[in-house]
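> Residue numbers (my numbering), protein chains in the order written: chain A, 1 to 417; chain B, 1001 to 1351; chain C, 2001 to 2252; chain D, 3001 to 3438. Positions of the beta carbon are idealized from the N, C-alpha and C atoms, including for glycine.
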Amino acid sequence: MIASSFKRRATFALAAITSVWCGAALAQDTIKIGYIDPLSGPGATVGEVGLKTFQFLVEELNAKGGAAGKKFEVIGYDNKTNPQESLIQAQKAVDAGARIITQGNGSGVAAALVDWVNKYNERNPGKEVLYLNYAAVDPILTNDKCSFWHFRWDANSDIKMEALTNYMKPKTNIKKVYLINQDYSFGQSLRTIARTMLKAKRPDIEIVGDELHPLLKVTDFSPYIAKIKASGADTVITGNWSQDFALLLKAAADAGLNVEWYTYYAGGTGGPTAIKQTGLNHKVFAIVESFPNDELPSARETEKAFRAKYNTTVLYPRAFNEMRMLAAAINKANSTDGAKVAQALEDMKFEVYGGGEGFIRKDDHQFFQPMYIGSFGDIDKAKEPFDEEGTGWGWRQIAKIDIKDTMLGNTCKMTRP
Amino acid sequence: MGRASSLPLNLWDGATGNWVVSFGTQHFLIKRRGNVLELVLISTLNGVLYGLLLFLMASGLTLIFSMMGVLNFAHASFYMLGAFVGYQISKWAGFWPGLIFAPLIVGGVGMLVERFGLRNVHKNGHVAELLFTFGLAFVMEELVQIVWGKAPVDYRVPALLDFSAFTIFSTNYPAYKLFMLAISLAIFVGLFAMLTRTRVGLIVQAALTHPNMVAHLGHNVPLIFMLVFGVGAGLAAIAGVIAGPALVTQSTMAGLLGPILFVIVVVGGLGSLSGALVASLLIGLLQTFAISSNVSMADLFSFSGFAPQPNTILNDLWRVSVAQIAPILPYLLLVLMLIFRPTGLMGNRES
Amino acid sequence: MSAPAALEIRGLKKSFGPAEIIRGVDLVVPKGERHAVIGPNGAGKSTLFNLISGLLVPTSGEVVLNGARISGRPAFEINRRGLSRSFQVTNIFPRMSVFENIRCGVLWSANQKYAFWRGVQSAAGVAERTEKVLDEIGLTDRREVLAGVLTYAEQRALEIGITVAGGAEVILLDEPTAGMSRHETDRAVGLIRRISEGRTLMIVEHDMGVVFGLADRISVLVYGEIVATGPPAEIRASAKVKEAYLGEEAHA
Amino acid sequence: MSDTTASNSRSGETIRANPRSSALRAAGPWLLSAAALVALPFIFRSDTYLTVMSLMGIAIVFALSYNMMLGQTGMLSFGHAVYYGLGAYFVVHGMNWAIATRAPIPLPLMPLVGGIAGLGFAVIFGWLSTKRSGTTFSMISLGLAELVGSSSLILRTFFGGEEGITTNRTKLLRLTDWSFGSQFQMYYLIAAWCLISAVVMYALTRTPFGRMCNAVRENPERAQFVGYNPQVVRYIAFCLSGFFAGIAGALAGINFELANANLFGAAQSGTVLLATFIGGIGTFVGPVLGAVLVSYLQVMLSDITEVWQLYFGLMFIAVVMFAPGGLAGLVQMHAPVVRAGVIGRLMPSYLMAIVPALLLLLGVVMLIEMTVQLAVKQSEGPAMKLFGIGFNANQPWPWLLMVVLLASAYALFRLVSPRLSAAWDSARVTAAERGIVI
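What follows is the structure, encoded as structure tokens:
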């Protein structure tokens, strides 16, 4: 039982100071996981949910005895969504005895961390650090920038688009598509792949608009909505998250824009509230690896326990896959050595959180699993018990994308130690 | 001469909804989907609305800056505070009491800040005052996050105004936006009347044009300063209360708008309320229209057949669209204005 | 007039909006002369100084320093050509030491320009000259004090010190004794006499005792025009001046 | 090193003093600093502390360069990070170029690339912005910062989008067997550049130009009437400041082996302003103190409390309101009293004042942390621990205790403050009587 994060952090800080003065590393009696994500500032909303998820998982795994005879411990490091700050915090985590770091928010941060882990491991042989990525989806991380030390449990943005377009393929009501995305690497890669895939799968679909707007800087989306409206689009695809998603939908509802929304992050914190506000009942779809109303009993129980504890939904089912697989890999390798654990993880098959088998592809360290399309709106409380953010509305699973329909090639040329 | 003009002449063909771009004798047809007139009308309305919202904040900032010499970095924070207090009241008592009381409460907070903070810093000069408000913005954002959290709060448009007022072609225009427009206009008119018709207004006006004169007026200068700061904060709070339900109410909302306000104050001209109005509308329209334009250099000069090498800086510039640079246009305007007309559009003071 | 003109003012006019403050001033100040400008409040004396020293740009007319036209040039350039001025309201560098204040006055004329590649202490002659000026204005033992905490009289002396530190040939002093006690004024006059030795001095002053004791010639400025110029005795006797300015005082 | 730049009180003496002893006195603090910089890694050995000390070194250079403008010349910039960020980008591109072409340039010389980039852009942007002074200058700096920051997301080829550009510092020509791969070696590279930059920037304050910077800060009008064009003085100060900001940015680029848009950000410009001001803009050492403190807090405070930014903001406001001279200003204030040998008189009342100060601090921390526990961390329940004592934040007694703490702090302050000011006055008077210039 964690009394409070203040206590935990204060103890840690004290320990860190002691270790510095003694000039000795802490005894390796736990498997420390450095959680590096925003815990202050605007990004903290998601970062804190992530930290809670990992704390929940550490308790779950420790209740089963940990791994290789050791207990897990997660330590939160605030990276303020800043790449440079992330590197400082990664250094702190490693100094505090963590050999595993995990991060998810921001492709820029992820790219910096991959680079750092590569260099750190090259320069500090025998002290290798693993970087487990639970949510950064820039495809480049498992393609041109792939690394032996990096594993990704979230489907990358291309895979999600592959799944999404496979779902859209037979939908004949989709005729005119508008793309609106945030102007940074993720939004750019999303729009490019969306164009390519739609063209290949549905050449009849007309892309009537392809918009990039500044990241987290737009306060009034009505001009963009006016443009979408003028284009005559019937479907919008967007990778927007956080306020860029909420504001976009709000402006759409205000202007009475009647289209279907295909999204990546409608389920993110604040997203459901925004959709409910706009009244877009079952018009907003999202692609995720598992929804709260998943019929699998184990997932439902976890969802229930998580909500009881933290009063929020399981936002990161993939983190469950990540941690459970990590424990399995440590047990398999019977070691916490970075290289050995990495080898144990490669090609590992695993029964995923939402049911079905997933696996890590050895070539690029990308995790594959069945994906689902969900639709947000009113729910049948008897069959679908979970609503979101107290809105009364919830996610309804409307399609399953088989693992084979999520498989994409890669350009990774991995160098192995 | 074959080409009369090197500048493209843009013509909108109303019958087909297409734009014709002519270079001398060459004509290029740019096909637009949907109705351009609709886009122009909606953009104008949105631009004016956004501009008026900006003016609600910029007017207070101008007043404070002109009279007290304080560039109030925390001004947008009062806007944020207004939205959150309005939200809190709306949860207890509905939207309308929030509209009345939130600005009063925030105005009171502003007065307290002036009385117990700024006034003590005043003796250390304008830089110290500016830095004080800089720190205050920091602290206010943190406090709001502690009280209301970091996620957006569910601030609703009142049911009374939750319908669409009219439809242009096929776009609904929400009644709430018209209401925002009306409130902003009413406050603008009220502010103007107060400044031209009342005694305090005359003092304020005198101070705007002759900042050193205030001290010689013999009135209770500290009290006037406190009131001006309070009114400025209250005006920002009104903007917050009415913008909160339409936009997102979140602790980051101050940081997004703050720098734009400075741009308005400088572009409009220091110490000029009418300048602030013009600049607010200008920036509101500029940004709104820029967003609705997808044109890039590559489009404009596509006839030339010129295409820069990929992966060069020139190529980046060549392909960027007007919509993408929309958010930096205000700053570009600011820099150009300061270089070519440092007193601003309507200002008469240089600094 | 045998000596060549140090300063020559021709048809100088200055308007602020509709108000014409300087309405055509012509004046020649020969080298080495101590020239006082007197006149009632609001006559435009300080404006005249501001026009000569480059703080203001004349509407028309010109100012010639040692044969070269300086009107319209920026203040720092006029200073570099050898014209330096003091201000009616004390205008010093308050949070710098007295020594630093004077040294700032010395630097340009010691050809230091904007040098950021050599130490200020290694600059030839700068320290000696600063010491000399400090000694002249009697502030040697206050050298380390911040200028802002000096007494008023000391600040006025410092003001004059900064003005003359650069070794300008033409010195403009704007009411150097304003607000001083009798005793302080006497000391200030002594100082002005010393520092103006061998230089051309133009002075605006209200204290008639100072003016008539110090000046070789006096100009009377009334409503932006010079109504009379001449030696003190002539000015004292002039009916025109009496009428326009001295009035009661002359009869008393 | 520690005397003020505002009033160079010893300038007169040094002429008369024995040149050898004066040279020693001038070099003394620098030699001590150098020795301390060399020794520090042997005291603080962990990589975390080496990282933090490296960041401090970078921040010191950056803050000193900022103070060349703010403290020395009186120019308040909101966009100093532009030159810092460009320094980082140019050094990273420069390193990648050197790696690709096998150019024989060793890593330790690379920060110069950043410096020259900073200088180059300062020459351009300074020409635009130093035409104006005061608030207008501040506004232009803000606008330019936004422009450059945004263009970094448009000119992706050069700036690498949001992921930025990476490099590898170990791949450059090596003169010794040091690869600079480890933080230990990196620390010494930064320390050396930090010391060199600080010496040069200090020397700059002792040049004719440095003195005129102060004159322009104090009274630009008067500066014109001693022959100087304030605009030129500001411009040169701006350019030199840009050069050192570029060096600092280059060190950051080398340290992280990464340059990205964050380096341009408003946060970066704000941080250097906070650090410089908290340290004290009136003295040369002030920004150094501020940079050290702020870098430390930025990295470490977030471990202890998640509302670290609130403490940060409150600290800044407290400095602005109660100690506008910053930390160095507080120390400097005591210099005459120490020289007069009457500092002992202040000690009793200082010791007494510590009690209410601690009570106040404790009360404020309790108030904030308990509020956070109840408001932000609802899901974790009311149980919390503060300074090793566990309690429930939803019970009345901790709140009561907090109120008692704050009230007694206030009462004690009322009690102590007359004593304090009396002791202070008497010490100052004695110092003045003993001929110490205040």
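In this structure, does DSSP put Gly-1223 (chain B) in helix, strand or coil?
Looking up residue 1223 (chain B) in the second sequence gives position 223. For the record, residue 1223 (chain B) in the displayed sequence is Leu; it is not Gly. Leu-1223 (chain B) falls in the helix class under three-state DSSP.
> Is Ala-3321 (chain D) near Asn-1072 (chain B), with beta carbons less than 8 Å apart?
Position 321 of the fourth sequence, counted from the start, is the residue given in the question as residue 3321 (chain D). Position 72 of the second sequence, counted from the start, is the residue given in the question as residue 1072 (chain B). Here residue 3321 (chain D) turns out to be Met, not Ala, going by the sequence shown. Taking 8 Å as the Cβ cut-off, Met-3321 (chain D) and Asn-1072 (chain B) do not qualify as a contacting pair.
> Does any C-beta atom of chain A lie closer than 8 Å to the C-beta of Gln-3395 (chain D)?
To locate residue 3395 (chain D), count along the fourth sequence from 1; it is residue 395. No, Gln-3395 (chain D) does not count as interfacial toward chain A.
> Please state whether the Cβ-Cβ distance between Ile-3343 (chain D) and Met-3110 (chain D) is less than 8 Å.
By one-based count along the fourth sequence, residue 3343 (chain D) stands at place 343. By one-based count along the fourth sequence, residue 3110 (chain D) stands at place 110. The answer is no: Cβ separation not under 8 Å.
> Of the choices D:Pro-3396, D:Gly-3390, D:Ser-3421 and D:Val-3376, whose alpha-carbon is the least far from that of Tyr-3350 (chain D)?
Position 350 of the fourth sequence holds residue 3350 (chain D). The shortest C-alpha separation from Tyr-3350 (chain D) is found at D:Ser-3421.
> Could you name the residues of chain B that Ser-222 (chain A) contacts, counting a contact when the two beta carbons are closer than 7 Å?
For the purposes of this step, residue 222 (chain A) is taken as residue 222 along the first sequence, with counting starting at 1. Within chain B, the residues near Ser-222 (chain A) are Asn-1046.
> What's the gap between the Cα of Ile-2195 (chain C) and the Cα of Gly-1069 (chain B)?
Translated into positions along the third sequence, residue 2195 (chain C) becomes position 195. Translated into positions along the second sequence, residue 1069 (chain B) becomes position 69. If you take the alpha carbons of Ile-2195 (chain C) and Gly-1069 (chain B), they lie about 41 Å apart.
> Check the Cβ of Pro-417 (chain A) against every Cβ in chain D and list those closer than 9 Å, keeping chain order.
By one-based count along the first sequence, residue 417 (chain A) stands at place 417. Ordered by position in chain D, no residue passes the 9 Å Cβ test against Pro-417 (chain A), which lies about 17 Å from the chain.
> Looking at chain C, which residues of the segment 3214-3234 of chain D have a Cβ within less than 9 Å of any of its Cβ atoms?
Cβ contacts with chain C: Asn-3214, Ala-3215, Arg-3217, Glu-3218, Asn-3219, Glu-3221, Arg-3222, Ala-3223, Gln-3224, Phe-3225, Val-3226, Gly-3227, Tyr-3228, Asn-3229, Pro-3230, Val-3232 and Val-3233.
> On the DSSP letters alone, give me the boundaries of the alpha helix (DSSP H) that Thr-3101 (chain D) sits inside.
Here residue 3101 (chain D) refers to the residue found at position 101 of the fourth sequence. Thr-3101 (chain D) -> alpha helix (DSSP H) spans 3081-3101.
> Could you name the residues of chain A that Gly-3057 (chain D) contacts, counting a contact when the two beta carbons are closer than 8 Å?
Stepping through the fourth sequence from its first residue, residue 3057 (chain D) is reached at position 57. In chain order: nothing, as chain A lies at least about 14 Å away.
> Please classify His-1126 (chain B): does DSSP put it in a helix, a strand, or coil?
As a first step, residue 1126 (chain B) must be located in the second sequence, where it is residue number 126. If DSSP states are grouped into helix, strand and coil, His-1126 (chain B) belongs with the helices.
> Leaving out five residues on either side along the sequence, give the residues of the same chain with a beta carbon under 7 Å from the beta carbon of Ala-3191 (chain D).
One-based indexing of the fourth sequence puts residue 3191 (chain D) at position 191. Cβ neighbours of Ala-3191 (chain D) beyond the five flanking positions: Leu-3037 and Gly-3057.
> In angstroms with no decimal places, state the Cα-to-Cα distance between Gly-1201 (chain B) and Arg-2182 (chain C).
The residue given as residue 1201 (chain B) occupies position 201 in the second sequence. The residue given as residue 2182 (chain C) occupies position 182 in the third sequence. Computed Cα separation, rounded: 47 Å.
> Going by C-alpha distance, which of D:Ala-3252, D:Pro-3348 and D:Ile-3304 is nearest Glu-85 (chain A)?
Numbered from its first residue, the first sequence carries residue 85 (chain A) at position 85. Per the Cα distances, D:Ala-3252.
> Please report how far the alpha carbon of Arg-2217 (chain C) lies from the alpha carbon of Ile-2203 (chain C), in whole angstroms.
Counting from one through the third sequence, the residue named residue 2217 (chain C) turns up at place 217. Counting from one through the third sequence, the residue named residue 2203 (chain C) turns up at place 203. Approximately 11 Å, taken between the alpha carbons.
> Against chain A, does Leu-1261 (chain B) count as a neighbour if the rule is that its beta carbon must be under 8 Å from one of theirs?
For this step, residue 1261 (chain B) is matched to residue 261 along the second sequence. No, no contact with chain A.
> With distances taken from CA atoms, which of A:Ile-237, A:Val-74, A:Phe-306 and A:Ser-290 is nearest Lys-175 (chain A)?
Locating residue 175 (chain A) in the first sequence gives position 175, where the first residue counts as 1. Answer by Cα proximity: A:Ile-237.
> Should Gly-106 (chain A) and Thr-142 (chain A) be called a contact, given that it needs their Cβ atoms to be closer than 8 Å?
Within the first sequence, residue 106 (chain A) is the residue found at index 106, counting from 1. Within the first sequence, residue 142 (chain A) is the residue found at index 142, counting from 1. Going by C-beta atoms, Gly-106 (chain A) is not nearer than 8 Å to Thr-142 (chain A).
> Suppose you measure from the CA of Lys-304 (chain A) to the CA of Pro-297 (chain A); what does that come to, to the nearest Å?
The residue you call residue 304 (chain A) lines up with position 304 of the first sequence. The residue you call residue 297 (chain A) lines up with position 297 of the first sequence. Their Cα atoms are separated by approximately 10 Å.
> With C-beta atoms as the reference, is Lys-2031 (chain C) less than 8 Å away from Ile-2021 (chain C)?
In the third sequence, the residue the question calls residue 2031 (chain C) occupies position 31. In the third sequence, the residue the question calls residue 2021 (chain C) occupies position 21. Going by C-beta atoms, Lys-2031 (chain C) is not nearer than 8 Å to Ile-2021 (chain C).
> Between D:Met-3370, D:Leu-3142 and D:Thr-3073, which has its C-alpha nearest Asn-3219 (chain D)'s C-alpha?
Locating residue 3219 (chain D) in the fourth sequence gives position 219, where the first residue counts as 1. For the residues D:Met-3370, D:Leu-3142 and D:Thr-3073, the minimum Cα distance to Asn-3219 (chain D) belongs to D:Thr-3073.
> On a Cα-Cα basis, can you pick out the residue from D:Arg-3102, D:Tyr-3066, D:Thr-3157 and D:Leu-3031 that is closest to Phe-3440 (chain D)?
Past the boundaries of the shown model lies residue 3440 (chain D); chain D is included only from 3001 to 3438, so the question cannot be answered.
> For Glu-2033 (chain C), does the three-state DSSP call read helix, strand or coil?
Residue 2033 (chain C) sits at position 33 when you count from the first residue of the third sequence. In the structure shown, Glu-2033 (chain C) sits in coil (DSSP, three-state: anything other than H, G, I, E or B).
> Alpha carbon to alpha carbon, what distance is there between Asn-133 (chain A) and Leu-198 (chain A)?
Numbered from 1 along the first sequence, position 198 holds the residue referred to as residue 198 (chain A). Numbered from 1 along the first sequence, position 133 holds the residue referred to as residue 133 (chain A). Going from the Cα of Leu-198 (chain A) to the Cα of Asn-133 (chain A) covers about 28 Å.
> Find the residues of chain D that neighbour Gly-108 (chain A), judging by a C-beta separation of less than 9 Å, and give them in chain order.
As a first step, residue 108 (chain A) must be located in the first sequence, where it is residue number 108. The answer, in chain order, is Gly-3161, Glu-3162, Glu-3163, Gly-3164, Asn-3260, Ala-3261 and Asn-3262.
> Within a Cβ cutoff of 6 Å, which residues of the same chain sit near Ala-3223 (chain D), ignoring the five residues on either side of it in sequence?
Numbered from 1 along the fourth sequence, position 223 holds the residue referred to as residue 3223 (chain D). Here the set comprises Ala-3215, Val-3216 and Pro-3230.
> In three-state terms, what does DSSP make of Ser-1274 (chain B)?
Indexing the second sequence from 1 puts residue 1274 (chain B) at position 274. Helix, per DSSP.
> Can you tell me where the alpha helix (DSSP H) holding Ala-63 (chain A) begins and where it ends?
Here residue 63 (chain A) refers to the residue found at position 63 when the first sequence is read from its first residue. Unbroken alpha helix (DSSP H) run through Ala-63 (chain A): 44-63.
> What do you reckon, are the CB atoms on Ala-427 (chain A) and Ile-330 (chain A) nearer than 8 Å?
Because chain A in this structure spans residues 1 to 417, residue 427 (chain A) falls outside the shown range and cannot be described.
> Quick one: what does DSSP say Trp-3308 (chain D) is sitting in, helix, strand or coil?
Here residue 3308 (chain D) corresponds to residue number 308 of the fourth sequence, with the count starting at 1. It is helical.
> In angstroms with no decimal places, state the Cα-to-Cα distance between Met-161 (chain A) and Gln-3298 (chain D).
Residue 161 (chain A) sits at position 161 when you count from the first residue of the first sequence. Residue 3298 (chain D) sits at position 298 when you count from the first residue of the fourth sequence. Cα to Cα, the separation comes out at about 39 Å.
> When you compare the CB of Ala-1128 (chain B) with every CB in chain D, is at least one pair closer than 8 Å?
Residue mapping note: residue 1128 (chain B) aligns to position 128 of the second sequence, counting from 1. With 8 Å as the cut-off, Ala-1128 (chain B) counts as an interface residue toward chain D.
> Considering only DSSP beta bridges, list what Phe-72 (chain A) is partnered with.
For the purposes of this step, residue 72 (chain A) is taken as the residue at position 72 of the first sequence. Its beta-bridge partners are A:Ile-31.
> Take Phe-3244 (chain D) as the anchor and find which of D:Leu-3346, D:Phe-3158 and D:Ala-3122 has the nearest alpha-carbon.
Taking the fourth sequence and counting its residues from 1, one reaches residue 3244 (chain D) at position 244. It is D:Ala-3122.
> Closer than 8 Å, Cβ to Cβ, to anything on chain B: give me those residues from the segment 3298-3324 of chain D, in chain order.
Those would be Val-3307, Gln-3309, Leu-3310, Phe-3312, Gly-3313, Leu-3314, Phe-3316, Ile-3317, Val-3320, Met-3321 and Pro-3324, in chain order.
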